[in-house]
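Asks: The UniProt record's numbering puts the sequence shown at residues 1 to 585. All C-beta atoms in this analysis are idealised placements derived from N, C-alpha and C, irrespective of residue type, glycine included. Everything numeric in this text was worked out from a predicted model, so none of it was measured. Pasting a structure here, questions to come.
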Amino acid sequence: FSTALRVESVDLNCAQNCTNHNTQFFSDQKLIVRRGQTFGFYVHFQNREWNDEKDKITFTVETGPKPCESLGTKSIFPLGGCPDQCHWNASFKSHDAKCLRVNMFPPANACVGCYSLNMCLVSCDHTNSQNLGDFYVLFNPWCSDDPVYLDSQDQREEYVLNEHGIIFQGLPEHITAHPWHFGQFQDGILDICLKMLDTSTNFLRDPAMDCSCRNDPLYISRVLNNMLPSNNNLLQGLSPLTWNGSVPILRQWYQSRCKPIKYGDCATFASVLCTVLRCFGIPGRVVTGFYCPVYAADPLSVQEIFDYTGKTLNGKEHMWIYHCWNESWMAEKDINQSGGDWQFLDPTPVETSKGSVCSGPIWVKSIRDGDVDTDSEGHRVFCMLNARSTAWISQGKGKKTKLHCDSGTSGQCISTKSVGSDLREDITDAYKHELGSAQERKAFYKACRKINSQYLNAPNSEIDKDIASHRNKSLKETGITMKLKMANCPLYGQDVQMNWVLENLCNESKERKFNLCAQAMMHNGCALDQLWKDTIHVTLEPKEGIFFYIYVYSHILGLQVLNEEKGKWPGQSVSLLLMPCKLAR
Numbered sequence: 001f002s003t004a005l006r007v008e009s010v011d012l013n014c015a016q017n018c019t020n021h022n023t024q025f026f027s028d029q030k031l032i033v034r035r036g037q038t039f040g041f042y043v044h045f046q047n048r049e050w051n052d053e054k055d056k057i058t059f060t061v062e063t064g065p066k067p068c069e070s071l072g073t074k075s076i077f078p079l080g081g082c083p084d085q086c087h088w089n090a091s092f093k094s095h096d097a098k099c100l101r102v103n104m105f106p107p108a109n110a111c112v113g114c115y116s117l118n119m120c121l122v123s124c125d126h127t128n129s130q131n132l133g134d135f136y137v138l139f140n141p142w143c144s145d146d147p148v149y150l151d152s153q154d155q156r157e158e159y160v161l162n163e164h165g166i167i168f169q170g171l172p173e174h175i176t177a178h179p180w181h182f183g184q185f186q187d188g189i190l191d192i193c194l195k196m197l198d199t200s201t202n203f204l205r206d207p208a209m210d211c212s213c214r215n216d217p218l219y220i221s222r223v224l225n226n227m228l229p230s231n232n233n234l235l236q237g238l239s240p241l242t243w244n245g246s247v248p249i250l251r252q253w254y255q256s257r258c259k260p261i262k263y264g265d266c267a268t269f270a271s272v273l274c275t276v277l278r279c280f281g282i283p284g285r286v287v288t289g290f291y292c293p294v295y296a297a298d299p300l301s302v303q304e305i306f307d308y309t310g311k312t313l314n315g316k317e318h319m320w321i322y323h324c325w326n327e328s329w330m331a332e333k334d335i336n337q338s339g340g341d342w343q344f345l346d347p348t349p350v351e352t353s354k355g356s357v358c359s360g361p362i363w364v365k366s367i368r369d370g371d372v373d374t375d376s377e378g379h380r381v382f383c384m385l386n387a388r389s390t391a392w393i394s395q396g397k398g399k400k401t402k403l404h405c406d407s408g409t410s411g412q413c414i415s416t417k418s419v420g421s422d423l424r425e426d427i428t429d430a431y432k433h434e435l436g437s438a439q440e441r442k443a444f445y446k447a448c449r450k451i452n453s454q455y456l457n458a459p460n461s462e463i464d465k466d467i468a469s470h471r472n473k474s475l476k477e478t479g480i481t482m483k484l485k486m487a488n489c490p491l492y493g494q495d496v497q498m499n500w501v502l503e504n505l506c507n508e509s510k511e512r513k514f515n516l517c518a519q520a521m522m523h524n525g526c527a528l529d530q531l532w533k534d535t536i537h538v539t540l541e542p543k544e545g546i547f548f549y550i551y552v553y554s555h556i557l558g559l560q561v562l563n564e565e566k567g568k569w570p571g572q573s574v575s576l577l578l579m580p581c582k583l584a585r
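In structure tokens form, the structure reads like this:
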């Protein structure tokens with residue numbers, strides 16, 4: 001054994017390792033492993049077998065442009081060292097006479113990214129160093145020591161391994177399912193996702209520190225959440241296009257040397273972010289909420305303004321018909337708990353006094369309980385899902401009259417794809433306590449005090465008083481009930497029938513003037529052209545009910561039915577899949 005040992009070849013055993021680590025969907029030609037789980041490879045020797053006493057091997061793994069041991073982006077460790085779950089280590093066993101099987105362990109807190117693997121062999125006073133190639137380390141939802149751990153195999157298959165999803169859109173009354181191909185395992189997507197991190201502001205400012213922080217899924221989520229908006233590199237614009245998958249978007253961005261891609265709406269932003277999260281091994285899903293005032297900054301009220309015909313007058317706080325965002329799964333570092341929870345991420349930028357900002361990460365349960373702050377824009381998220389909607393009629397010259405106030409309008413039918421099926425799962429209860437419950441009131445009071453300093457030391461009664469000030473007399477309180485209801489389930493291009501019912505609850509007759517209008521609406525609540533309007537006069541005898549039919553065509557519109565009564569405008573507003581129509585009694 002006086003002859004120095006020489007290495008003939010190294011087999012990284014890519015196919016078997018990828019299968020063991022649930023990464024075979026990327027490729028079986030590259031070594032892609034998940035942290036917190038051992039992977040094995042073979043070292044073949046040329047001239048003799050391994051000798052523990054004369055032969056020593058040291059491995060070096062490093063990632064990033066400036067690898068550093070103190071920052072956790074570089075690790076040097078011997079073959080056969082003491083097993084340690086907190087650090088890189090390698091053990092071995094003889095495979096045959098001239099072959100050694102090496103079992104290498106990346107700790108569950110290793111930085112994710114592309115690594116270089118180097119081996120230094122010292123034998124009989126001879127030193128031979130060689131690069132064994134590159135490999136990838138990802139988060140591991142199968143490892144209980146990893147913050148992204150999920151204890152359900154069905155959920156891991158859905159939120160990490162599933163390349164196909166459903167994005168819910170439309171209206172609460174008629175929710176539609178839009179298929180989306182996430183494609184996180186498609187050729188080249190992993191490298192593109194890593195390139196996204198390398199073009200972030202954090203990386204450009206301090207590459208070494210940024211790579212060091214990539215062991216934290218919360219950090220990765222925050223960086224990615226701010227990478228997608230128009231001010232930060234990937235998608236530009238708010239005009240919806242017919243994208244149905246993330247792969248073309250990501251590839252086009254990469255092939256254009258990281259120039260922004262036009263265009264993307266909230267569903268596109270959320271879907272692309274979901275692709276990148278799943279690619280890195282962070283469980284993620286797309287969530288849709290309906291009637292969300294994205295720009296709301298006051299939990300007490302979001303203002304919507306109409307003219308006397310019912311036409312929507314665009315304002316900053318208009319109600320989005322639907323809004324899409326993301327959730328990512330991970331454990332809370334500051335709490336000793338055995339499992340994780342969902343984090344809210346919204347990559348759609350919102351223009352504020354601070355500039356264009358994105359919301360999150362924020363714990364979903366914190367949103368539900370009103371435990372929000374301004375650092376992560378949590379106050380905006382709470383307002384988006386809980387704001388009371390107050391409608392006003394513009395009288396011109398800056399004057400307006402209150403129409404009505406709805407307390408349960410915002411944040412309806414919060415939806416995501418069910419595990420293992422294309423059905424819709426309603427997760428509203430995860431974001432909001434039951435309206436009117438003690439928990440809901442407690443959360444609302446807490447959020448008000450955090451958001452508005454004037455309520456910091458105020459009693460609950462003062463907040464209730466301000467809420468009451470937004471309320472106006474309802475239509476029913478004037479002695480009339482009015483109902484608008486879809487009579488059929490609309491299909492694209494088909495006529496739609498609505499039933500409009502008026503009923504006089506009083507013992508005397510009522511004469512009323514009603515203004516009706518149909519107006520095209522974007523998904524984000526922006527009003528387009530007023531396509532139709534009409535005015536009718538109705539006389540209701542005591543206790544009389546009148547039934548009307550409204551025939552319409554399918555398209556997203558806002559229909560406002562307003563009741564004019566002595567300068568007051570109590571009424572009802574409904575957003576429907578409609579177009580202008582004829583009115584028949």
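Using the Cα positions of Leu-100 and Phe-59, report the straight-line distance between them to the nearest angstrom.
Replies: Counting from 1 along the sequence shown, the entry for residue 100 is found at position 100. Counting from 1 along the sequence shown, the entry for residue 59 is found at position 59. The straight-line gap from Cα to Cα measures roughly 14 angstroms.
Asks: Taking the alpha carbon of Met-522 as the reference point, which residue from Arg-512, Glu-332, Asn-507 and Thr-312 has its own alpha carbon closest?
Replies: Numbered from its first residue, the sequence shown carries residue 522 at position 522. Closest option to Met-522, Cα to Cα, is Thr-312.
Asks: Is Gln-16 helix, strand or coil by DSSP?
Replies: Your numbering for residue 16 matches position 16 in the sequence shown. It is helical.
Asks: What three-state label does DSSP hand Val-419 in the structure shown?
Replies: Here residue 419 corresponds to residue number 419 of the sequence shown, with the count starting at 1. In the structure shown, Val-419 sits in coil (DSSP, three-state: anything other than H, G, I, E or B).
Asks: Since Gly-289 and His-323 should fall inside the 8 angstroms C-beta cutoff, what is the C-beta to C-beta distance between them, to a whole number of angstroms?
Replies: Residue 289 sits at position 289 when you count from the first residue of the sequence shown. Residue 323 sits at position 323 when you count from the first residue of the sequence shown. The pair is a contact, with the Cβ atoms about 6 angstroms apart (cut-off 8 angstroms).
Asks: Just to confirm my understanding: we take Val-10, look at its own chain, exclude 5 residues before and 5 after, and list those with CB closer than 6 angstroms. What are they?
Replies: In the sequence shown, the residue the question calls residue 10 occupies position 10. Result list for Val-10: Val-43 and Leu-132, in chain order.
Asks: Label Thr-348 either buried or exposed according to how many other C-beta atoms from any shown protein chain fall within 10 Å of its C-beta, with 16 as the threshold for buried.
Replies: Taking the first residue of the sequence shown as position 1, residue 348 is located at position 348. It is buried - the Cβ of Thr-348 has at least 16 other Cβ atoms within 10 Å.
Asks: Name the DSSP beta bridge partners of Ile-482, please?
Replies: Position 482 of the sequence shown, counting from 1, holds the residue named residue 482. This sequence places Met at residue 482; Ile is not what is there. Answer by DSSP bridge pairing, in chain order: Leu-502.
Asks: Taking the straight line between their C-alpha atoms, what separation do you get for Cys-86 and Arg-35?
Replies: Position 86 of the sequence shown holds residue 86. Position 35 of the sequence shown holds residue 35. Spanning the two alpha carbons is a distance of roughly 11 angstroms.
Asks: Using alpha carbons as the reference points, say which of Ile-414, Val-350 and Tyr-136 lies closest to Glu-173.
Replies: The sequence position of residue 173 within the sequence shown is 173, counting from 1. It is Ile-414.
Asks: Does the Cβ of Pro-217 have 16 or more other Cβ atoms within 10 Å, making it buried, or fewer, making it exposed?
Replies: Residue 217 sits at position 217 when you count from the first residue of the sequence shown. Buried, since its Cβ has 16 or more Cβ neighbours within 10 Å.
Asks: Out of Glu-541, Arg-278, Cys-526 and Ala-518, which has the shortest C-alpha to C-alpha gap to Thr-535?
Replies: Position 535 of the sequence shown, counted from the first residue, corresponds to residue 535. That would be Ala-518, whose Cα lies nearest to the Cα of Thr-535.
Asks: If contacts are defined as beta-carbon pairs under 8 angstroms, then Ala-387 and Ser-301 qualify, I think. What distance do you get, rounded to the angstrom?
Replies: As a position in the sequence shown, residue 387 is number 387, starting the count at 1. As a position in the sequence shown, residue 301 is number 301, starting the count at 1. Indeed, because the Cβ distance is near 6 angstroms, the residues count as touching under 8 angstroms.
Asks: Per the DSSP calculation, Cys-86 is bridged to which residue(s)?
Replies: Locating residue 86 in the sequence shown gives position 86, where the first residue counts as 1. Note: Cys-86 sits in no beta bridge, so no partner.
Asks: Look at the alpha carbon of Asn-434 and the alpha carbon of Cys-383, and state the distance between them as a whole number of angstroms.
Replies: Here the question's residue 434 lines up with position 434 in the sequence shown. Here the question's residue 383 lines up with position 383 in the sequence shown. It should be pointed out that residue 434 corresponds to Glu in this sequence rather than to Asn. Glu-434 and Cys-383: Cα-Cα distance of roughly 16 angstroms.
Asks: Tell me the start and end of each unbroken beta strand (DSSP E) in the region 137-191 that is at least 3 residues and wholly inside, in chain order.
Replies: You should have 164-171 and 174-181.
Asks: Can you have a look at residue 586 and say buried or exposed, based on whether 16 or more other CB atoms are within 10 angstroms of its CB?
Replies: Because the chain here runs from 1 to 585, residue 586 falls outside it and cannot be looked at.
Asks: If you draw a straight line from the alpha carbon of Asp-406 to that of Ser-221, how long is it in whole angstroms?
Replies: Translated into positions along the sequence shown, residue 406 becomes position 406. Translated into positions along the sequence shown, residue 221 becomes position 221. Distance between the alpha carbons of Asp-406 and Ser-221: 35 angstroms.
Asks: Could you compute how far the alpha carbon of Tyr-254 sits from the alpha carbon of Leu-224?
Replies: The residue given as residue 254 occupies position 254 in the sequence shown. The residue given as residue 224 occupies position 224 in the sequence shown. Approximately 16 angstroms, taken between the alpha carbons.
Asks: How long is the line joining the alpha carbons of Lys-402 and Asp-307, rounded to whole angstroms?
Replies: Mapped onto the sequence shown, residue 402 falls at position 402. Mapped onto the sequence shown, residue 307 falls at position 307. Computed Cα separation, rounded: 12 angstroms.
Asks: Quickly, what does DSSP pair Lys-56 with across the bridge? List them, please.
Replies: Along the sequence shown, read from residue 1 onward, the residue named residue 56 stands at position 56. Answer by DSSP bridge pairing, in chain order: Val-122.
Asks: Got a sec, what are the start and stop residues for the alpha helix (DSSP H) Asn-202 sits in?
Replies: One-based indexing of the sequence shown puts residue 202 at position 202. Counting along the chain, the alpha helix (DSSP H) containing Asn-202 begins and ends at 201-205.
Asks: Expressed to the nearest angstrom, what Euclidean distance is found between the alpha-carbon atoms of Asn-504 and Tyr-549?
Replies: What you label residue 504 is simply residue 504 of the sequence shown in a count that begins at 1. What you label residue 549 is simply residue 549 of the sequence shown in a count that begins at 1. Looking at the two C-alpha atoms, the distance is approximately 18 angstroms.
Asks: Have a look at Asn-326 and Met-119 and give me their C-alpha separation to the nearest angstrom.
Replies: Within the sequence shown, residue 326 is the residue found at index 326, counting from 1. Within the sequence shown, residue 119 is the residue found at index 119, counting from 1. Roughly 41 angstroms between the two C-alpha positions.
Asks: I'd like the list of long-range same chain contacts for Lys-74, defined as Cβ closer than 6 angstroms, with 5 residues on each side in sequence excluded.
Replies: Numbered from its first residue, the sequence shown carries residue 74 at position 74. If we look at Lys-74 and ignore the five residues flanking it on each side, its Cβ neighbours are Glu-62, Pro-67 and Cys-68.
Asks: Is it true that the CB of Gly-188 sits closer than 9 angstroms to the CB of Lys-533?
Replies: The residue labelled residue 533 in the question sits at position 533 within the sequence shown. The residue labelled residue 188 in the question sits at position 188 within the sequence shown. Going by C-beta atoms, Lys-533 is not nearer than 9 angstroms to Gly-188.
Asks: Give a yes or no on whether the C-beta atoms belonging to Pro-106 and Phe-26 are separated by under 9 angstroms.
Replies: Here residue 106 is taken as the residue at index 106 of the sequence shown, counted from 1. Here residue 26 is taken as the residue at index 26 of the sequence shown, counted from 1. Not a contact, by the Cβ cut-off of 9 angstroms.
Asks: Can you give me the C-alpha to C-alpha distance between Gly-183 and Thr-275, rounded to a whole angstrom?
Replies: Working through the sequence shown from its first residue, we reach residue 183 at position 183. Working through the sequence shown from its first residue, we reach residue 275 at position 275. Straight-line Cα distance between these residues: approximately 7 angstroms.
Asks: Who pairs with Arg-441 in a beta bridge, going by DSSP?
Replies: Counting from one through the sequence shown, the residue named residue 441 turns up at place 441. According to DSSP, Arg-441 bridges with nothing at all.
Asks: Which stretch, first to last residue, makes up the beta strand (DSSP E) that contains Thr-390?
Replies: Sequence index remark: in the sequence shown, residue 390 carries index 390 (1-based). Taken as a continuous stretch (DSSP letters only), the beta strand (DSSP E) holding Thr-390 covers 389-396.
Asks: Apart from the five residues just before and just after Asp-341, which ones in its own chain have a Cβ nearer than 8 angstroms to its Cβ?
Replies: The sequence position of residue 341 within the sequence shown is 341, counting from 1. Closer than 8 angstroms at the Cβ level, and outside the excluded window around Asp-341, lie Trp-329, Met-330, Ala-331, Glu-332, Trp-363, Val-364 and Lys-365.
Asks: Closer than 7 angstroms by C-beta to Asn-244: which residues in its own chain qualify, once you throw out the five before and the five after it? Chain order, please.
Replies: Looking up residue 244 in the sequence shown gives position 244. Within the same chain, Asn-244 has close Cβ partners Pro-179, Trp-180 and His-181.
Asks: Within its chain, find whatever has a CB closer than 8 angstroms to the CB of Glu-508; leave out the 5 residues flanking it on each side and keep chain order.
Replies: Position 508 of the sequence shown holds residue 508. Once the five neighbours on either side are set aside, the close Cβ partners of Glu-508 are Pro-542.
Asks: On the three-state DSSP scale, how would you describe Asn-386?
Replies: As a first step, residue 386 must be located in the sequence shown, where it is residue number 386. Reduced to three states, the DSSP call for Asn-386 is helix.
Asks: Going by DSSP in three states, Ala-527 sits in which element: helix, strand or coil?
Replies: Taking the first residue of the sequence shown as 1, we reach residue 527 at position 527. It is a strand residue.
Asks: Distance check for Glu-163 and Phe-185, CA to CA, integer angstroms please.
Replies: Against the sequence shown, residue 185 aligns to sequence position 185. Against the sequence shown, residue 163 aligns to sequence position 163. Roughly 7 angstroms separates the two Cα atoms.
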